[in-house]
């Protein structure tokens, strides 16, 4: 059941980030078209592209944590004996969980609250909505990393290899 939940979350994140990338491509094409063909650039596209990129990058980072594809030094891990490697993975997972909670979640909530009265220059949306991705990403990373840790504890020496998504 936990594997199903993890796989479903990963697929949803992959689909959402892919959709956001497609939206960004369309916005960029629209921006180029209006600037060079219509000679009147669409002002909203630059801001919308920036906000979409921020959301896509943070959701993509949550996806990477779920798949255990974040940056790591594999050669260091391979040099460790199995007991130390196991301890290293558990310590790493705890550090990631602490980071997700204290920095992304608590810091993100403060950022959302403090910027809700600031508006973006062109779209005129509260900047708190842009920063809302921080606590959302924190919750996703916390869930996915917790599921990774549970899988690791259940299955022994090495973390499970990421499963292929179809």
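Residue numbers (our numbering): 1 to 166.
Here a beta-carbon is modelled for each residue, glycine too, at the ideal position from N, C-alpha and C.
Whole-Å CB distance - residue i paired with residue j, under 8 Å assumed
i	j	result
residue 20	residue 49	Their Cβ separation, rounded to whole angstroms, is 10 Å, which puts residue 20 and residue 49 out of contact at 8 Å.
residue 96	residue 65	7 Å
residue 122	residue 54	Contact doesn't hold; Cβ gap of about 15 Å is too wide.
residue 150	residue 2	6 Å
Proximity to residue i [Cα-Cα], best of the options
i	options	result
residue 106	136, 13 and 31	136
residue 26	125, 133, 52 and 129	52
residue 46	37, 57, 30 and 36	30
residue 44	104, 112, 72 and 120	120
residue 148	92, 103 and 110	92
Residues of its chain near residue i, where Cβ-Cβ distance is below 6 Å and the 5 sequence neighbours each way are ignored
i	result
residue 117	none
residue 166	At residue 166, the pLDDT of 48 sits below 50, so the modelled position is not reliable; the number obtained from the coordinates is stated separately. Correct list: empty, nothing qualifies.
residue 128	112, 115 and 116
residue 100	138, 141 and 142
residue 130	51
Cβ of residue i within 8 Å of any chain D Cβ
i	result
residue 86	Here chain D cannot be found, since the structure has a single protein chain.
Counterpart residues of residue i in DSSP-defined beta bridges
i	result
residue 119	126
Residues of its chain near residue i, where Cβ-Cβ distance is below 8 Å and the 5 sequence neighbours each way are ignored
i	result
residue 62	13, 137, 140, 141 and 144
- request: Go through the segment 54-102 residue by residue and report every complete run of the alpha helix (DSSP H) that reaches 4 residues or more, in order.
  value: Here the runs fully enclosed are 74-79 and 82-98.
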